[in-house]
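Chains as they are written, first to last, in the working numbering: chain E, 88 to 196; chain A, 88 to 196.
In this text, a Cβ means the ideal position worked out from N, Cα and C, and glycines have one as well.
Worksheet: the structure to be examined is printed underneath.
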């Protein structure tokens, strides 16, 4: 099994509170994406809404994935004032969430 | 906001049962990865263990990500005998899991 050198993915799986307006969610997603422009170690960002058909999503509705060059880069991101400011807007509108970081590893046969 | 044309990511966030042996987990991961060779619409697979430091992983320990060309491809995968056989081995050793599919979407400014 081989790790992609250095890359660490930061994955947030979330469910927004019922009362959160779609326009508010759109604004928050733009704010999340904009962190790439503000925080150097954050290298990329994408997101999407649940489109699964297995009904194993446990109520989660959105995935947000960003990529970093190292776990140290994620630590720098977490402490960055732009992230702290964003998290203070974002987390209160989530009903539940999971944040998990991992080094993408492939399997050779 | 722009969706990557067609690509759908299938993400499984999991916690193995405490009693699951590391060698057993390794075998299951190889079995999961091998589905790429058996199920045509499954285009890629990678995985990783939680390395997060924020302690927001809610007990989840592993991420598995595979990519498909369409949601129809995921439906075909779900029903494929090789997937059914694998899921019957894999799911019983999980204490909890979330499966969520999404079309990776970027944000333009």
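Along the stretch 109-122 of chain A, the positions whose C-beta sits under 9 Å from a C-beta of chain E are 113, 116, 117, 119, 120 and 121, read in chain order. Taking C-beta separations shorter than 8 Å and ignoring five residues to either side along the sequence, the partners of residue 123 of chain A in its chain run 129, 130, 131, 132 and 153, following chain order. Listed along chain E, the residues sitting closer than 7 Å to residue 187 of chain A by beta-carbon distance are 100, 137, 139, 144, 147 and 150. Among the bridge pairs identified by DSSP, residue 132 of chain E is matched with E/153. Segment contact: the stretch 97-107 of chain E against the stretch 172-181 of chain E, three or more CB-CB distances shorter than 8 Å; contact assigned. Here residue 187 of chain A carries a strand assignment [DSSP, helix/strand/coil]. Taking the C-beta atoms as reference points, residue 94 of chain E is found nearer than 9 Å to residue 190 of chain E.
Using beta-carbon distances, residue 107 of chain E does not count as an interface residue toward chain A, since no partner is under 9 Å. Between the alpha carbons of residue 149 of chain A and residue 126 of chain E lies a gap of roughly 26 Å. The alpha-carbon of residue 187 of chain A is positioned some 16 Å away from that of residue 119 of chain A. DSSP places residue 176 of chain A inside the alpha helix (DSSP H), whose first and last residues are 168-177. By DSSP's assignment, residue 196 of chain A forms no beta bridge with any residue. For residue 108 of chain E, no beta strand (DSSP E) segment is defined, and its DSSP state is neither H nor E.
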